[in-house]
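Residue numbers (my numbering): 2 to 115.
For glycine and all other residues, C-beta sits at the position ideal for the given N, C-alpha and C.
Worksheet: one structure, shown below.
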Amino acid sequence: MDNRTGPEDKPVQRSKSFSFKTHREVCSSCQKTVYPMERLVADKLIFHTTCFCCKHCNTKLSLGSFAALQGEFYCKPHFQQLFKSKGNYDEGFGRRQHKELWANKESENITKSP
2 MDNRTGPEDK PVQRSKSFSF KTHREVCSSC QKTVYPMERL VADKLIFHTT
52 CFCCKHCNTK LSLGSFAALQ GEFYCKPHFQ QLFKSKGNYD EGFGRRQHKE
102 LWANKESENI TKSP
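Below, the structure is given as structure tokens:
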């Protein structure tokens with residue numbers, strides 16, 4: 002009889018750091034779990050393919066048919082329409098114009114001057 006023990010005699014040790022738990026991804030629109038088959042990434046945000054819609058008309062978007070501005074997504078026709086309606090990205094998309102911010106800073110500088 003041989004007293005040596007072979008590798009088959011030792012109990013298998015599994016790493017305690019290994020886990021089957023995966024990082025849960027959440028849709029940026031509906032805040033529900035996104036599974037790999039329904040996952041779409043646009044502007045570093047994760048969506049369900051069905052939740053990736055135009056902010057203006059709610060049309061379903063694809064990676065080739067969207068335009069993004071400050072974290073909001075639009076279909077290309079509405080993105081162009083909203084820009085053309087006011088001639089700038091701020092007013093067309095419901096924000097204050099940058100020139101108003103510049104005017105405020107200029108008036109503050111004038112009042113601060115000695």
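Distance CB(residue i)-CB(residue j) smaller than 8 Å
i	j	result
Lys-45	Phe-53	no
Phe-48	Cys-76	no
His-24	Cys-58	no
Own chain partners of residue i with C-beta closer than 8 Å, once the 5 adjacent residues on each side are dropped
i	result
Phe-74	Ala-43, Asp-44, Phe-53, Cys-54, Cys-55, Lys-56, Leu-62, Phe-67, Ala-68
Leu-41	Ile-47, Phe-48, His-49, Thr-50, Phe-53, Leu-64
Gly-72	Asp-44, Leu-46
Ser-30	Phe-48, His-49, Cys-52, Phe-53, Cys-54
Endpoints, beta strand (DSSP E) assigned at residue i
i	result
Phe-53	No beta strand (DSSP E) contains Phe-53, which DSSP labels as neither H nor E.
Leu-70	67-70
Glu-73	73-76
Arg-40	40-43
Close beta carbons around residue i, own chain, < 6 Å, minus the five adjacent residues each side
i	result
Glu-26	Val-35, Ile-47
Beta carbon proximity, residue i to chain C, threshold 8 Å
i	result
Thr-60	No chain C appears in the structure shown, which is made up of a single protein chain.
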